[in-house]
Amino acid sequence: MATQTLLTLDARHPFAAKSLIDAQDMHRTVMSGFPGWVDDGSRDPRAQMSVLSTWSIDLRQARLSLVVQSSVPADWSGLPHAALAEAPHVLTLDRTFRPGDLVDFRTIVNPVRTLPPPPGSPPKTRGTRVPHTRPEHVKRWFARRLQPLGHPPTAPDGVVRIGADTDLERLAVRMLPQVSSPAP
211 MATQTLLTLD ARHPFAAKSL IDAQDMHRTV MSGFPGWVDD GSRDPRAQMS VLSTWSIDLR
271 QARLSLVVQS SVPADWSGLP HAALAEAPHV LTLDRTFRPG DLVDFRTIVN PVRTLPPPPG
331 SPPKTRGTRV PHTRPEHVKR WFARRLQPLG HPPTAPDGVV RIGADTDLER LAVRMLPQVS
391 SPAP
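Reading the sequence shown from the start, the letters are residues 211 to 394 in the working numbering.
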């Protein structure tokens, strides 16, 4: 079972505008609907609650449409009321898929890789996350996350799989324009 919410925000409101120009702010906006479901600081809360999101903007109407899906119900009462162009529209989805069911779907992914830190960096320095920019790299990134029937949810190299499989010959990749946040 999953919950899907359509949030329609006024793109001119500062709350929505911040989310549009900063990917981390958009992440905070999405996750703000799930207070108290996982402990603060716990590892990968988005994955624990199966939170997925996508958004689009209608510039003519100045509306930001944000679709959020999760395995737990969201609480959007913390959003600034003035930022909402419409009341949140919530759907509860109860569609069980069985092994072998065939489903067509479209997804938007943000495939990244991590470059190692520069030589001489202090211990425990994280590398820099950079986007994959070539379709064949994106396809390979997605293929590593597929989970053929009977395979464990985590690959031997630690990659978390998505619980679905596909025929890679039928997989189409369309690259969207790069969106970035200003450096702090």
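In this text, a Cβ means the ideal position worked out from N, Cα and C, and glycines have one as well. For clarity, every value in this text was computed on a predicted model and none was experimentally measured.
Contacting residues, own chain, Cβ-Cβ under 6 Å from residue i (five flanking each side not counted)
| i | result |
| --- | --- |
| PRO309 | LEU359 |
| LEU276 | LEU217, TRP265 |
| PRO363 | ARG371 |
| PRO283 | THR213 |
Environment of residue i [buried if 16+ CB atoms lie within 10 Å]
| i | result |
| --- | --- |
| LEU219 | buried |
| ALA233 | exposed |
| PHE315 | exposed |
| VAL319 | exposed |
Residue i, DSSP secondary structure in three states
| i | result |
| --- | --- |
| ALA293 | helix |
| LEU303 | strand |
| ALA353 | helix |
| LEU378 | helix |
| PRO341 | strand |
| VAL319 | coil |
Residue i vs residue j beta-carbon contact at 7 Å
| i | j | result |
| --- | --- | --- |
| ALA212 | GLN279 | yes |
| PRO345 | THR335 | no |
| THR239 | VAL300 | no |
| ALA226 | ALA297 | no |
Neighbourhood of residue i by C-beta distance below 8 Å, restricted to the same chain and skipping five residues each side
| i | result |
| --- | --- |
| VAL248 | PRO255, GLN258, MET259 |
Exercise for the section: Could you tell me which uninterrupted alpha helix (DSSP H) segments, each at least 4 residues in length, are contained entirely in the stretch 216-288, listed from first to last along the chain? Expected result: As for any alpha helix (DSSP H) of minimum length 4 sitting wholly inside the stretch 216-288, the runs are 224-231, 233-241, 255-258, ordered along the chain.
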